[in-house]
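> All the letters of the sequence shown, read from the start, carry residue numbers 9 to 514 under this note's numbering.
Just so you know, even glycine gets a beta-carbon here, dropped at the ideal spot from N, CA and C.
Right, I'll just put the structure down here and ask away after.
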Amino acid sequence: MGNNRRNFLKTLSVLPLSGSFTGLGHIPTELTSLPESSNAVTALAKIGSVRLVKPSAIKQSPFGIGCETLDRDLWKPGEVYPWVTDLPVKWGRLQTGWGRVEREKGKYDWAWLDESVDGLISRGVTPFFNVSYGNTNYMAGEVGYHPLDSAEANQAWKRYVTALTKRYKNKVKHYEIWNEPNLAGFWSPDKPNPPKYVQLVRETAPIIRKNCPGAIIIGGVVSQMPTYYIQEMLKVGLTDLIDIFSFHPYTTIPEAYSERTVALRKLLDQYNPDIQIWQGENGFPSDPNSTGYGGEGPWTERIQAKIMLRRMLTDCSLDITMTLWFLIVDLHDYPKGSGKVNYKGILRQKPEVKPKIAYKALQHLGSLVHGEVRTRSSIVHAVAGNEPAAEKEYRLFGNGLKKSLDGICSAVLNTANGTVFAYWSGAKAADEAAAQTIHLFLWDWEARGFNEPVLVDPLTGDILALTDHQKIYDHDKWRVDAEAQVFRNLPLQDYPLLIMEKSKVV
Numbered sequence: 009m010g011n012n013r014r015n016f017l018k019t020l021s022v023l024p025l026s027g028s029f030t031g032l033g034h035i036p037t038e039l040t041s042l043p044e045s046s047n048a049v050t051a052l053a054k055i056g057s058v059r060l061v062k063p064s065a066i067k068q069s070p071f072g073i074g075c076e077t078l079d080r081d082l083w084k085p086g087e088v089y090p091w092v093t094d095l096p097v098k099w100g101r102l103q104t105g106w107g108r109v110e111r112e113k114g115k116y117d118w119a120w121l122d123e124s125v126d127g128l129i130s131r132g133v134t135p136f137f138n139v140s141y142g143n144t145n146y147m148a149g150e151v152g153y154h155p156l157d158s159a160e161a162n163q164a165w166k167r168y169v170t171a172l173t174k175r176y177k178n179k180v181k182h183y184e185i186w187n188e189p190n191l192a193g194f195w196s197p198d199k200p201n202p203p204k205y206v207q208l209v210r211e212t213a214p215i216i217r218k219n220c221p222g223a224i225i226i227g228g229v230v231s232q233m234p235t236y237y238i239q240e241m242l243k244v245g246l247t248d249l250i251d252i253f254s255f256h257p258y259t260t261i262p263e264a265y266s267e268r269t270v271a272l273r274k275l276l277d278q279y280n281p282d283i284q285i286w287q288g289e290n291g292f293p294s295d296p297n298s299t300g301y302g303g304e305g306p307w308t309e310r311i312q313a314k315i316m317l318r319r320m321l322t323d324c325s326l327d328i329t330m331t332l333w334f335l336i337v338d339l340h341d342y343p344k345g346s347g348k349v350n351y352k353g354i355l356r357q358k359p360e361v362k363p364k365i366a367y368k369a370l371q372h373l374g375s376l377v378h379g380e381v382r383t384r385s386s387i388v389h390a391v392a393g394n395e396p397a398a399e400k401e402y403r404l405f406g407n408g409l410k411k412s413l414d415g416i417c418s419a420v421l422n423t424a425n426g427t428v429f430a431y432w433s434g435a436k437a438a439d440e441a442a443a444q445t446i447h448l449f450l451w452d453w454e455a456r457g458f459n460e461p462v463l464v465d466p467l468t469g470d471i472l473a474l475t476d477h478q479k480i481y482d483h484d485k486w487r488v489d490a491e492a493q494v495f496r497n498l499p500l501q502d503y504p505l506l507i508m509e510k511s512k513v514v
């Protein structure tokens, strides 16, 4: 974990190239001045398509998919799980549903949860449990109701958690305690209370560890990034009880959480530097009038897919070891009895289960980026496409006389598929954004960059030829002022494009 933390700190050089994302609600002036090209990506010659892999064919992945609300029977695994077979992610989040398991006092029905767990495992996906919510046998409600205010409910909760961990100890090792306790709707019947939530973790985590040797405990599980709530949790000892801190960064501009995540990392280090960070739930609707999201539109399938790609690669650039998309399928009649729809799924549920653009984009991304993913020691600078990009410009960068183009995001990653260099515009995603061009300088501090680079579009799965690139260095002198690789006339989109080694993808 110490190596992960050190790698995390290096990401400060590969986040927004301007060093800040203040004001990302509009397109930066530098970007609006770029020359427009209505078809910049397809102007490059297509030389292949992404080879899709199954989750069973990859050993590790930073990507997860939300399989929540089965505790409320809002979708059927038998209809949805066949689509997981071809979705190359390695993590699946499940809610354990005390209320559904123990409908009758003292009697547990695990059949539906067995189906949920075994369905993921059989497809090569590792399930992790979100252990949360109440039971009307012991309290006034289920969703959001905690067991701390009644001795009977508290004892019943502990019996349930004991039975849960004993049953699944050989199948599930990661246990997340509660869901978004900083929201009133998920912490009832009283108001959100950080010390009280930590007390729940303090009472629950030892039961899990006792009955599931080697269990990994995930805590926090906060909606957004509530600074005061997090501070209060840490003050009363949360980091002594957990192994991973998870948060849910719902936002219109995915990169807006980068600085806050860096701040969270530094704060956690003050208490326990071995605590990992997971992005445990994040999504974006594909259709208007979706429940469960308060951000800005517009809403289309294409925008949803772009936001997903940006979210996951931003998290990778922060060395977040797991980043999860909420969720696998749209939820109808959510909340129960409302008749409304949550459109954050990557599959439609009605009139039949079928994939959205985001499903296919995640297939592409998961097939390309997998293994033990970490940020690569590198520096990236961008130049507008209507400016020159040669050794002179490199020297200006080195002397601090030229600034990198504002509003460009990047992630340079080591993966099982080699180096992945992702870049994109941090502007608000649009259904059909005007394509633009940029030049990128890459300083690879771990090797010599790319030998035969190609451009991969994870939205479409197209692999495109790159012809205008050059390594700038002196073969005869050990000088350090000209060691960059420049990629010229690259298409710039409001979603990530990936530069990869041709031999890894074609």
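What is the DSSP secondary structure of ARG456, reduced to helix, strand or coil?
In this structure, ARG456 counts as coil in the three-state DSSP scheme.
> Does DSSP put GLU76 in a helix, in a strand, or in coil?
Three-state DSSP puts GLU76 in coil, outside helix and strand.
> What are the partner residues of HIS447, as DSSP defines its beta bridges?
Bridge partners of HIS447: VAL391.
> If you follow the alpha helix (DSSP H) that PRO85 is in, where does it begin and where does it stop?
Per DSSP, PRO85 belongs to the alpha helix (DSSP H) from 85–92.
> Taking all protein chains shown into account, do 16 or more other C-beta atoms lie within 10 angstroms of the C-beta of GLN239, making it buried, or fewer, making it exposed?
Result: exposed.
> Excluding the 5 residues flanking THR423 on each side, which residues of the same chain have their C-beta closer than 7 Å to its C-beta?
VAL377, HIS378, GLY379 and VAL381.
> Excluding the five sequence neighbours on either side, which residues of its own chain have a C-beta within less than 6 Å of the C-beta of THR37, listed in chain order?
Any reading at THR37 must be qualified, since the residue scores a pLDDT of 28, below 50, and its modelled position is unreliable; no value is offered.
> Across the stretch 454–470 and the stretch 53–69, are there enough close Cβ pairs to call them in contact, namely three or more that are closer than 8 Å?
As far as the Cβ criterion goes, the stretch 454–470 touches the stretch 53–69, which means the pair count is three or higher.
> May I have the straight-line CA-CA distance separating PHE495 from HIS477, to the nearest angstrom?
Roughly 4 Å separates the two Cα atoms.
> By Cβ distance, which residues of its chain are closer than 6 Å to LEU242, with the 5 residues on each side in sequence left out?
Around LEU242: TYR279.
> Using CA atoms only, rank isn't needed, just tell me which of ASP295, GLN312, LEU332 and GLY222 is closest to SER254.
The shortest C-alpha separation from SER254 is found at LEU332.
> Quick check: what's the CA-CA separation for LEU505 versus LYS358?
The alpha-carbon atoms of LEU505 and LYS358 are separated by roughly 32 Å.
> What's the gap between the Cα of ASP414 and the Cα of PHE449?
When rounded, the distance between both Cα atoms is 14 Å.
> Taking C-beta to C-beta, are ASN425 and LYS512 nearer than 7 Å?
A contact, by the Cβ cut-off of 7 Å.
> Among the candidates VAL97, VAL428 and TRP120, whose CA atom is the shortest distance from the CA of VAL133?
When each option's Cα is compared against that of VAL133, the closest is VAL97.
> Would you mind working out which of LEU355, VAL206, HIS447 and LEU317 sits nearest GLY393, comparing C-alpha positions?
Among LEU355, VAL206, HIS447 and LEU317, the Cα nearest to that of GLY393 belongs to HIS447.
> Which residues mark the beginning and the end of the beta strand (DSSP E) in which GLN103 is found?
From DSSP, the beta strand (DSSP E) with GLN103 extends over 99–103.
> Does the beta-carbon of GLN493 have 16 or more other beta-carbons within 10 angstroms, so that it is buried, or is it exposed?
Buried, because 16 or more other Cβ atoms sit within 10 Å of the Cβ of GLN493.
> Count the other CB atoms within 10 Å of the CB of ALA437; is the residue buried (16 or more) or exposed (fewer)?
Buried.
> Would you mind stating whether ILE250 and ALA313 have Cβ atoms separated by less than 7 Å?
Against a cut-off of 7 Å, the Cβ pair of ALA313 and ILE250 comes out as no contact.
> Using the DSSP secondary-structure output, state which residues sit across from ALA8 in a beta bridge.
Residue 8 lies beyond the range of the chain shown here (9 to 514); nothing can be said about it.
> Going by beta-carbon coordinates alone, are TRP186 and LEU355 separated by less than 7 Å?
For TRP186 and LEU355, no; Cβs fall outside 7 Å.
> Would you kindly report the start and end of the unbroken beta strand (DSSP E) that includes ALA121?
Per the sequence shown, the amino acid found at residue 121 is Leu instead of Ala. No beta strand (DSSP E) holds LEU121; the alpha helix (DSSP H) holding it covers 119–129.
> Please state the DSSP three-state secondary structure of LEU321.
Helix at LEU321.
> Where DSSP assigns a beta bridge to GLN163, which residues make up the other side?
Paired residue(s): none; GLN163 is not in a bridge.
> Measure the C-alpha to C-alpha separation of LEU500 and LEU321 and round it to an integer number of angstroms.
One C-alpha to the other measures close to 16 Å.
> Looking at the secondary structure, which residues open and close the beta strand (DSSP E) in which PHE253 lies?
Segment 252–256, the beta strand (DSSP E) holding PHE253.
> For LEU409, is the classification buried or exposed, using 16 other Cβ atoms within 10 angstroms of its Cβ as the cut-off for buried?
With fewer than 16 Cβ atoms within 10 Å of its Cβ, LEU409 is classed as exposed.
> Would you mind giving the Cβ-Cβ distance between ILE480 and PHE429, rounded to the nearest angstrom? I have them listed as a contact below 8 Å.
Between PHE429 and ILE480 the Cβ distance is about 16 Å, and since that is not below 8 Å, they are no contact.
> On the three-state DSSP scale, how would you describe ARG382?
In this structure, ARG382 counts as strand in the three-state DSSP scheme.
> Can you tell me whether DSSP reads GLN371 as helix, strand or coil?
GLN371 falls in the helix class under three-state DSSP.
> Can you check which of these residues, LEU335, VAL420, TRP451 and LEU317, is closest to ASP502 by C-alpha distance?
Closest option to ASP502, Cα to Cα, is LEU317.
> Leaving out five residues on either side along the sequence, give the residues of the same chain with a beta carbon under 8 Å from the beta carbon of VAL361.
If we look at VAL361 and ignore the five residues flanking it on each side, its Cβ neighbours are GLU87, VAL88, TRP91, VAL337 and LEU355.
> Excluding five sequence neighbours on each side, which residues of the same chain lie with their C-beta closer than 6 Å to the C-beta of ARG108?
Excluding positions up to five away in sequence, the list reads ASP79.
> Check each candidate in PHE194, GLY193, ALA171 and GLN232 and name the one with the smallest Cα separation from ILE215.
Ranking PHE194, GLY193, ALA171 and GLN232 by Cα distance to ILE215 puts ALA171 first.
> Using C-beta distances below 7 Å, list every residue in its chain close to ILE315, excluding the 5 sequence neighbours before and after it, in chain order.
The residues are PRO262, PHE292 and ALA437.
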